[in-house]
Amino acid sequence: MKTNEVAELIKGYVDEVKIPSDRRVFATTDEDRSRVAMLALKERGIRHLSAISGVDRGDVITVVYQIDCRPVLLNLKIDLPKSAPKVRTITDIFPGAILYERDLMEMLGVKVEGHPDPRRLFLPDDWPADKYPLRKEARP
């Protein structure tokens with residue numbers, strides 16, 4: 149799939165699309181439309197989620213889904229309110245999301261609704277429930 153094909157496929161589900169190179173597409177959307185975009189990609193045969201990353205940007209948590217549309221890599225970005233960051237699981241679309249979503253829950257405090265295995269991944273069981281190591285307020 150080429151960059152313009154990826155951009156065309158998701159254009160109805162995103163607010164903004166940037167194509168910085170012949171192998172990269174950056175898109176910004178919201179949580180509901182991101183799921184529809186991912187389903188559209190899956191229907192076109194895209195089956196590989198490369199990663200999910202997140203960052204605390206102050207008043208929002210930005211989640212970036214990195215989807216391999218060979219040879220193009222799509223970064224699909226959504227912003228969540230830091231006061232109540234939540235998304236629905238995408239394990240029904242991309243089963244490989246299971247560990248990345250656990251990481252989001254544990255490290256950034258993003259609630260992943262419907263996650264099939266919400267156990268901790270890295271932190272010990274006695275870690276405080278309201279402390280998230282990758283949030284800005286957790287830093288000294």
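Residue numbers (the numbering used here): 149 to 288.
We put the CB at the ideal spot given by N, CA and C, even for glycine.
* Grab me the residues of Tyr-280's own chain with a C-beta within less than 7 Å of its C-beta, minus the 5 sequence neighbours each way, in chain order. => Met-255, Leu-256, Gly-257 and Ala-286
* To do: Tell me, to the nearest whole angstrom, how far the beta carbon of Arg-183 is from that of Val-220; I am working on the premise that it is less than 8 Å.
  => Actually they do not touch by this definition, with Cβ atoms about 20 Å apart.
* Measure the alpha-carbon distance for Leu-247 versus Lys-284 and round it to whole angstroms. => 22 Å
* **Local conformation of Ala-155 per DSSP, three classes** => helix
* Compare the beta carbon distance of Leu-224 and Ala-188 with 8 Å and say whether it is the shorter of the two. => no
* Taking only runs of the beta strand (DSSP E) that begin and end inside the stretch 253-277, which ones reach a length of at least 3 residues, in chain order? -> 259-261
* To do: Return yes when the Cβ of Ile-167 is within less than 8 Å of the Cβ of Thr-177, no when it is not.
  => no
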